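S.K.: Using my numbering, you'd call the opening residue of the sequence shown number 1 and step up by one each time.
Heads up, the beta-carbon is just placed ideally off N, CA and C, and yes, glycines get one too.
Predicted model only: the values in this text are computed from it and were never measured.
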Amino acid sequence: MRLTSRGRVRALALLCTALAGGCTTTVDGTGTIAADSTVRPGGGGAPSGSAAASETETTSPSGQPTRESLACPAGKLIKPSGAPYCFTVPGGFTDVSKSVTVGATIGSERFRSAVAVNRRDRDLIIVTTYELRLDSDPIADAVLERELQGVLGQLSKRGFSFDSTTAKRVSVDGARGFGYHATEPRNRLQADVYFAFRGRTELEVNCQWRDAPGDVRRGCQSVLSSMQFTTVG
Numbered sequence: 001m002r003l004t005s006r007g008r009v010r011a012l013a014l015l016c017t018a019l020a021g022g023c024t025t026t027v028d029g030t031g032t033i034a035a036d037s038t039v040r041p042g043g044g045g046a047p048s049g050s051a052a053a054s055e056t057e058t059t060s061p062s063g064q065p066t067r068e069s070l071a072c073p074a075g076k077l078i079k080p081s082g083a084p085y086c087f088t089v090p091g092g093f094t095d096v097s098k099s100v101t102v103g104a105t106i107g108s109e110r111f112r113s114a115v116a117v118n119r120r121d122r123d124l125i126i127v128t129t130y131e132l133r134l135d136s137d138p139i140a141d142a143v144l145e146r147e148l149q150g151v152l153g154q155l156s157k158r159g160f161s162f163d164s165t166t167a168k169r170v171s172v173d174g175a176r177g178f179g180y181h182a183t184e185p186r187n188r189l190q191a192d193v194y195f196a197f198r199g200r201t202e203l204e205v206n207c208q209w210r211d212a213p214g215d216v217r218r219g220c221q222s223v224l225s226s227m228q229f230t231t232v233g
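In structure tokens:
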């Protein structure tokens with residue numbers, strides 16, 4: 001099925017942690033991993049954005065690496081207007097940001113972008129940001145992971161399965177990241193989902209596949225390695 005079709009797509013997407021608005025937790029951030037996504041007609045399109053101005057990489061008072069502005073290289077970029085992030089479109093992927101919609105989300109989502117493996121509508125990478133109510137930099141890793149585990153527990157009751165609720169620790173643009181692997185047997189979907197925190201920005205990278213795991217995982221690593229995001233969502 002082509003991306004321009006009217007088919008419905010099940011997406012493992014959009015977790016919100018307790019730090020972002022719209023979630024009921026003690027820390028005040030993330031939403032649900034599962035939602036119906038629709039790829040609307042005309043889903044293809046040229047990647048948006050251009051190289052930004054100078055970057056500022058410093059260290060926050062808590063010692064966390066921070067970024068005040070973007071410095072995205074010229075090329076095939078995703079950089080929505082006003083968004084606190086940019087990344088390079090992986091080879092073999094198409095920008096479908098304007099054609100993918102996700103329902104049943106939780107949290108104060110600010111920006112969403114998506115790229116998909118060419119001519120496949122269930123193999124895609126969705127990038128979402130939330131503006132946090134609190135500065136996440138002083139919050140301990142264990143607290144952030146505990147909040148994420150609470151969300152995973154809620155999702156498990158909705159039919160989602162996780163290899164482990166202990167996160168894989170990653171670095172995204174120098175920021176702290178937490179990774180999980182999810183499956184949704186009903187629609188034969190799998191996803192590697194990553195959450196990264198910097199200042200008042202929470203970034204989610206959801207790499208979902210049904211038919212092209214190798215392509216999506218390759219593209220996912222490309223997105224993570226080229227990602228830049230700033231401190232304010």
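1) Could you check how far apart the C-beta atoms of A167 and G179 are, in whole angstroms? I think they sit under 8 Å.
2) Taking just the CA atoms, how far does D163 sit from V151?
3) Suppose you measure from the CA of S175 to the CA of K76; what does that come to, to the nearest Å?
4) Between which residues of its own chain and G82 is the CB-CB distance below 8 Å, once the five residues before and five after are set aside?
5) Start and end of the beta strand (DSSP E) containing Q208?
6) Smallest Cα separation from V234: which of N206, N187 and P84?
7) So, for D135: in the same chain, excluding its five sequence neighbours on each side, which residues have a beta-carbon less than 7 Å away from its beta-carbon?
8) Would you identify the three-state DSSP class for D141, choosing helix, strand or coil?
9) Under DSSP, the alpha helix (DSSP H) around A86 begins and ends at which residues?
10) Using the C-alpha atoms, what's the distance from E131 back to K157?
11) Is it buried or exposed for A196, if we count other Cβ within 10 angstroms and need 16 for buried?
12) Candidates E68, P80, I126 and Q64: which alpha carbon is nearest K216's?
13) Taking 7 Å as the cut-off, is the CB of S97 close to at least one heavy atom of the ligand ATP?
14) Assign R169 to buried or exposed, taking buried as 16 or more other Cβ atoms, counted over all protein chains shown, within 10 Å of its Cβ.
15) Determine, using beta carbons only, whether P84 and V232 come nearer to each other than 8 Å.
16) Could you pull out every residue in the same chain whose Cβ sits closer than 7 Å to the Cβ of S236, ignoring the five residues on either side in sequence?
17) Which residues does DSSP list as the beta-bridge partners of G177?
18) Give the DSSP-derived three-state secondary structure of E131 in the structure shown.
19) Classify P213 as helix, strand or coil using the three-state DSSP reduction.
20) What does a CB cutoff of less than 8 Å around G45 pick up in its chain, not counting 5 residues either side in sequence?
21) Please report the straight-line C-alpha distance between D137 and H181, rounded to a whole angstrom.
M.R.: Walking through what the data contain:
1) Contact flag correct, Cβ pair sits at about 6 Å.
2) 15 Å
3) Note on residue identity: the sequence assigns Ala, not Ser, to residue 175. Approximately 23 Å between the Cα atoms of the pair.
4) F111
5) Per DSSP, Q208 is one residue of the beta strand (DSSP E) stretching across T201 to W209.
6) This structure cannot speak to residue 234, because the chain is shown only from 1 to 233.
7) G199 and R200
8) helix
9) Checking the sequence, you will find Cys at residue 86 rather than Ala. Careful: C86 lies outside any alpha helix (DSSP H), inside the beta strand (DSSP E) at Y85 to T88.
10) Those two C-alpha atoms are separated by around 26 Å.
11) buried
12) The identity of residue 216 in the sequence shown is Val, whereas the question assumes Lys. Ranking E68, P80, I126 and Q64 by Cα distance to V216 puts I126 first.
13) You won't find the ligand ATP in this model; it holds no ligand whatsoever.
14) exposed
15) yes
16) Residue 236 cannot be examined here, being either before or after the span of the chain that is shown, 1 to 233.
17) For G177, which the question treats as bridged, DSSP gives the partners V170 and A196.
18) strand
19) Here P213 sits in helix by DSSP.
20) Unreliable positioning characterises G45 in this predicted model, as indicated by a pLDDT of 43, which lies under 50. The coordinate reading is nonetheless provided below. T94, D95, V96, S97, K98 and S99, listed in sequence order.
21) Roughly 25 Å separates the two Cα atoms.
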